[in-house]
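S.K.:
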Amino acid sequence: MRSLPHPDVQEIALDQVLSALADPIRRVIVSQLAGGHDDQACIAFDLPVTKSTSTHHFRVLREAGIISQRYRGTAILNCLRDEELAERFPGLLDAVLAAEGSEVQGTTATAAAARRL
């Protein structure tokens, strides 16, 4: 069975995690994984990028230790490593997800206000 390399919890570096989460596309992926069920296939994400670019984003998240990936047939399933991240960097993922939610809500409110004008 094919497998993909993942860092051990002790190897997850803060700089790499923060760098990975700095990209809005990768934050969308993390938010969807946090809000959904485990083991979501890459095709389940409606991202505004090409397939090769989305593959790159998933690889960056995996190499940073934010997600785990495994093969099931020809599909790659993704799972958020939330418990491991909370163990390594308590509160970090929750803070990022809360900020991402606030940013999305703020954008929606701004758009709604602009439509009323």
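Residue numbering for the sequence shown follows the UniProt record's numbering, starting at 1 and increasing by one per position.
Cβ atoms here follow ideal geometry from the backbone N, Cα and C, with glycine treated the same way.
Since the structure is predicted, the reported quantities are computational estimates derived from the model, not experimental observations.
1. Enumerate in chain order the residues of its own chain whose CB-to-CB distance from Glu-100 is below 7 Å, with the five nearest sequence positions on each side excluded.
2. Between His-6 and Ser-68, which are expected to be in contact by the criterion C-beta below 8 Å, what is the C-beta distance as a whole number of angstroms?
3. By the 10 Å Cβ neighbour count, where 16 or more other Cβ atoms means buried, how is Arg-115 classified, buried or exposed?
4. Please determine, among Pro-48, Thr-50 and Ile-29, the residue with the shortest C-alpha to C-alpha distance to Gln-40.
5. Using DSSP's beta-bridge definition, name the partner residues of Gln-40.
6. Check Ile-66 in the structure and name its three-state DSSP category.
7. For Ala-22 versus Val-60, is the C-beta spacing smaller than 8 Å?
8. Measuring CA to CA, which of Ser-52, Val-9 and Gly-36 is closest to Cys-79?
M.R.: Straight from the coordinates:
1. Arg-27 and Ser-31
2. 5 Å
3. Since pLDDT at Arg-115 reaches only 38, below the 50 mark, its modelled position is unreliable, and no value is offered.
4. Ile-29
5. Asn-78
6. coil
7. no
8. Gly-36
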